[in-house]
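Residue numbers (UniProt numbering), protein chains in the order written: chain G, 1 to 114; chain F, 1 to 114.
In this text, a Cβ means the ideal position worked out from N, Cα and C, and glycines have one as well.
Remember, it's a predicted structure, so these values are computed and weren't measured experimentally.
Reviewing the structure listed below.
2 protein chains.
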Amino acid sequence: MEAVFEVLAEPNRRRILDLLRTSERPVGDLVVRLGLSQPAVSKHLRVLREAGLVGVRSDAQRRIYRLRTEPLRAVDAWLEPYRSLWEDRLDALERHLDAMPDDPGPPDGPHGPG
Amino acid sequence: MEAVFEVLAEPNRRRILDLLRTSERPVGDLVVRLGLSQPAVSKHLRVLREAGLVGVRSDAQRRIYRLRTEPLRAVDAWLEPYRSLWEDRLDALERHLDAMPDDPGPPDGPHGPG
DNA sequence: CGCGTGTATTTCTTGACAGGCATATAACCG
DNA sequence: CGGTTATATGCCTGTCAAGAAATACACGCG
Chain G
1 MEAVFEVLAE PNRRRILDLL RTSERPVGDL VVRLGLSQPA VSKHLRVLRE
51 AGLVGVRSDA QRRIYRLRTE PLRAVDAWLE PYRSLWEDRL DALERHLDAM
101 PDDPGPPDGP HGPG
Chain F
1 MEAVFEVLAE PNRRRILDLL RTSERPVGDL VVRLGLSQPA VSKHLRVLRE
51 AGLVGVRSDA QRRIYRLRTE PLRAVDAWLE PYRSLWEDRL DALERHLDAM
101 PDDPGPPDGP HGPG
């Protein structure tokens with residue numbers, strides 16, 4: 001799952017996946033729904049395809065794209081050990097810890113501002 | 001969860017999270033274990049902190065970093081509708097579809113190579 | 001074959017970011 | 001205060017990805 005996160009980092013690519021999650025679609029459909037140029041969509045699809053996140057099928061001149069789940073399973077697998085951190089009864093403790101501020105530090109030092 | 005994926009896209013940052021998943025650690029410890037320069041680690045920690053993925057606590061001169069799970073929960077939430085795609089009985093069907101090749105296309109056109 | 005639609009690729013420019021080094025800041029010690 | 005350790009920031013450079021425009025390719029049609 002080397003590069004999957006990099007691919008998912010692009011918001012429009014996630015939008016494409018979200019669109020393909022419900023049903024497979026030709027490129028033109030994605031172009032309309034995303035409001036991007038056709039070459040831009042095509043490039044994103046290439047990236048997604050090289051990452052194994054989508055698959056293609058040819059229908060005459062059209063190319064029908066659909067979701068492929070395997071890389072997402074890898075992400076899910078990476079996330080799994082983390083998930084146990086909030087799915088356990090440790091939940092309450094975790095929330096308490098997360099509520100603590102990020103130690104902004106003293107603004108003017110131990111001897112005071114003036 | 002706007003920028004979480006971008007932050008996670010960096011492999012060394014994921015390594016940092018993996019290290020912090022088991023226990024909180026000071027910066028120097030991360031430097032040793034990652035084999036990166038101290039400034040590099042410090043910069044990654046800044047990014048992680050601004051994304052809310054880690055928190056800091058001061059211990060004398062040391063700064064102890066620990067994991068914060070909230071952004072990862074957001075990723076998990078994004079993944080949830082996808083997860084149902086392979087956690088259902090549709091699993092077998094999905095696998096079958098994923099096994100299909102990516103339509104490489106004809107190598108030399110309809111009239112043949114020669 | 002030549003045309004038209006639908007999609008992919010090339011080329012260029014621009015911007016973001018990782019990593020290194022040098023250096024600034026902060027906390028502790030005497 | 002000066003010195004030392006621990007961490008953060010600034011500056012610089014190489015790399016790489018995104019975006020736009022032009023163009024090439026694939027397929028069906030007649």
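Boundaries of the beta strand (DSSP E) around F/Leu67: 62-67. Chain-order list of chain G residues neighbouring F/Tyr82: Arg21, Thr69, Leu72, by C-beta distance under 7 angstroms. For G/His44, the closest of G/Asn12, G/Ser84, G/Ala3, G/Phe5 by C-alpha to C-alpha distance is G/Asn12. Under a criterion of Cβ atoms nearer than 9 angstroms, the residues of chain F adjacent to G/Leu79 are, in order, Leu72, Val75, Asp76, Leu79.
Rounded to the nearest whole angstrom, the C-alpha separation of F/Arg63 and F/Glu70 is 21 angstroms. Non-local beta-carbon contacts of F/Arg14 in its own chain, meaning distances under 7 angstroms to residues more than five positions away in sequence, involve Leu8 in chain order.
Across the structure, G/Arg66 and F/Asp59 are spaced so that their CA atoms are roughly 51 angstroms apart. Residue environment for F/Asp76: buried (at least 16 other C-beta atoms within 10 angstroms of its C-beta). About 6 angstroms separates the Cβ atoms of G/Leu53 and G/Leu17, confirming a contact at the 8 angstroms cut-off. Contact between G/Arg49 and G/Val41 is ruled out by a C-beta separation of about 12 angstroms, above the 8 angstroms threshold. 8 angstroms or more divides the Cβ of G/Tyr82 from the Cβ of F/Arg68. The contact set of F/Ala51 on chain G, defined by CB atoms closer than 8 angstroms, is empty, because the minimum CB distance reaches about 12 angstroms. In the assembly as shown, F/Val32 is an exposed residue. Its beta-carbon has fewer than 16 other beta-carbons within 10 Å. DSSP places F/Asp59 within a strand segment (E or B) once states are collapsed to three. Straight-line measurement puts the Cα of G/Val4 at about 25 angstroms from the Cα of G/Gly28. With its beta carbon at least 8 angstroms from every one in chain G, F/Ala40 lies outside the interface.
Closest in alpha carbon position to F/Glu6, among F/Ala51, F/Gln61, F/Glu80, F/Arg73, is F/Ala51. For the segment 4-21 of chain F, the beta-carbon criterion of a distance under 7 angstroms to any beta-carbon of chain G is satisfied by Phe5, Glu6, Leu8, Ala9, Arg21.
When the beta-carbon positions are compared, G/Leu72 and F/Leu79 come within less than 8 angstroms of each other.
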